[in-house]
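J.: Residue numbers (the numbering used here), protein chains in the order written: chain A, 1 to 167; chain B, 1001 to 1167.
Glycine is no exception: its CB is placed at the ideal position from the N, C-alpha and C atoms.
Since the model is a prediction, treat every value here as computed from it, not as a measurement.
What follows is a structure written as structure tokens; I'll ask about it next.
Protein chains: 2
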Amino acid sequence: MAERKLPGRNHDHAACMADALRRAERLCYERGAQLTPIRRRVLELIWTDHRPYGAYELLEKLQAERGRVAPPTIYRALDFLLVHGLIHRIESLNAFVGCPRPSDCSAGQFFICDGCGVTAEIADKALAQRIDGAALELGFTVSQRIVEIRGHCRRCHLPEQDEAPVL
Amino acid sequence: MAERKLPGRNHDHAACMADALRRAERLCYERGAQLTPIRRRVLELIWTDHRPYGAYELLEKLQAERGRVAPPTIYRALDFLLVHGLIHRIESLNAFVGCPRPSDCSAGQFFICDGCGVTAEIADKALAQRIDGAALELGFTVSQRIVEIRGHCRRCHLPEQDEAPVL
DNA sequence: GCCGGAGCGTTACAATATAACATCCGCTCT
DNA sequence: AGAGCGGATGTTATATTGTAACGCTCCGGC
């Protein structure tokens, strides 16, 4: 059921990120979409780790590298990455996270640790189908399923104290 | 499975809203919480219909009635109503919708029509359990399940044109 | 050459949300 | 009665997130 794990102790993130970038390049190539330096860099920044990044957080990083970057620059890059499924928006955080499987990402569900920020995407088909079934009963046509589960990962397993997220 | 329907043609909304207000009053009384005039009025405004309302939309309505209402007033009322489960926040819209069953609302799922804005809450236990099952596999402790299904209701059944929401 | 579209820069602003401090009012304790 | 306290609200200012609108440049096709 869970097709991805929360990144664990032995996670080789350099390889993980390199894979993501390679997939992005291939997918853009196949579609004739331009993964320009800015777009590519924003994607890299998002893949810094498995936490969602806010637009202005990315903006600051880009500004540190290039000076004078205005919000639309970031938002345009994010739009591009969203449209091509290379990232997802986490609605409950107003933030963006890399998609590990950009070619098939319409049914993703997110588990977001409020302790460390780590976010895992799974693709539980049965869950998506159950949602579609409920929609059918309501006569409702689904265009987007937003499933964001907030809580604590194993390592942050302290759900009672409302700590500030360790961002 | 679907425990609520999308409000249909024969929906008696006056009664629906009156019920909601009565439930809110009883629940606050039982908990010793104060449903003050502002809080009550905000709840009424949210129950104007079954669409989510933004904080500033509510603010304008309240200002029309009372003049000079500042944002914190609204946000404080919304916080109160959220804490007591009388309303829900729709994360993907930054907006708020009334909860039809405030005493048992931890497992709600929302179907949001992008045409007319109508939002229906259902409480599919099996869906919630499936999410919890996936969480268990990940070693993840769930504190909140956000399920927001965007699409079109039966009456707005035109999913291909991206119309502006008829708010 | 020139046109058109994509990408980006720039300015200004809109929309959403909160921090911090002041005031008021009802309650309790003495 | 007066002091002190907590909850609710008022007030001011500001933080955070997101967009509109316009113009420039570059590049590829005709």
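Check for me: the beta strand (DSSP E) holding residue 1150 of chain B runs from which residue to which?
T.: 1141-1152
J.: Which residue comes first and which comes last in the alpha helix (DSSP H) that contains residue 1025 of chain B?
T.: It spans 1013-1031 - the alpha helix (DSSP H) in which residue 1025 of chain B sits, taken as one unbroken run.
J.: On a Cα-Cα basis, can you pick out the residue from A:121, A:143 and A:120 that is closest to residue 131 of chain A?
T.: A:143
J.: Roughly how many angstroms lie between the CA atoms of residue 1109 of chain B and residue 1058 of chain B, to the nearest whole one?
T.: 23 Å
J.: Along the region 1079-1092 of chain B, what residues have a CB closer than 7 Å to any CB found in chain A?
T.: If the cut-off is 7 Å between Cβ atoms, the region 1079-1092 of chain B has 1091 and 1092 near chain A.
J.: What are the boundary residues of the beta strand (DSSP E) that residue 95 of chain A is part of?
T.: 95-98
J.: What residues in the region 1134-1163 of chain B bring their beta carbon closer than 8 Å to a beta carbon of chain A?
T.: 1134, 1135, 1137, 1138, 1139, 1140, 1141, 1142, 1143, 1144, 1145, 1146, 1147, 1148, 1149, 1150, 1151, 1152, 1153, 1154, 1157 and 1159
J.: If we ignore side chains and look at the alpha-carbon of each, how far apart do residue 1152 of chain B and residue 138 of chain A end up?
T.: Within the model, the alpha-carbon separation for residue 1152 of chain B versus residue 138 of chain A is close to 10 Å.
J.: Could you check where the beta strand (DSSP E) with residue 77 of chain A kicks off and where it finishes?
T.: Careful: residue 77 of chain A lies outside any beta strand (DSSP E), inside the alpha helix (DSSP H) at 71-83.
J.: Are any of the Cβ atoms in chain B nearer than 9 Å to that of residue 2 of chain A?
T.: Below a pLDDT of 50, predicted positions are generally treated as unreliable, and residue 2 of chain A, at 40, falls in that range; the measurement from the model is reported next regardless. Yes - at least one Cβ of chain B is within 9 Å of the one on residue 2 of chain A.
J.: Roughly how many whole angstroms lie between the Cα atoms of residue 1095 of chain B and residue 1088 of chain B?
T.: 8 Å
J.: Cα-Cα, which of B:1091, B:1084 and B:1115 is closest to residue 1100 of chain B?
T.: The residue among B:1091, B:1084 and B:1115 with its C-alpha nearest the C-alpha of residue 1100 of chain B is B:1084.
J.: What does a CB cutoff of less than 6 Å around residue 28 of chain A pick up in its chain, not counting 5 residues either side in sequence?
T.: For residue 28 of chain A, where only same-chain residues beyond five positions count, the Cβ hits under 6 Å are 35.
J.: To the nearest angstrom, report how far apart residue 1111 of chain B and residue 66 of chain A are at their CA atoms.
T.: 43 Å
J.: Using the rule of at least 16 other Cβ atoms within 10 Å of the residue's Cβ for burial, across every protein chain shown, is residue 148 of chain A buried or exposed?
T.: buried
J.: Since I believe residue 43 of chain A is in contact with residue 61 of chain A (beta carbons under 8 Å), could you give me their beta-carbon distance rounded to a whole number of angstroms?
T.: That belief does not hold up - the Cβ atoms of residue 61 of chain A and residue 43 of chain A are roughly 12 Å apart, past 8 Å.
J.: On the DSSP bridge assignment, give the partners of residue 90 of chain A in chain order.
T.: A:95
J.: Quick one: list the residues of chain A neighbouring residue 1124 of chain B, beta-carbon separation under 8 Å, in chain order.
T.: 130 and 134
J.: Looking only at DSSP bridge pairs, what is residue 122 of chain A linked to?
T.: A:109
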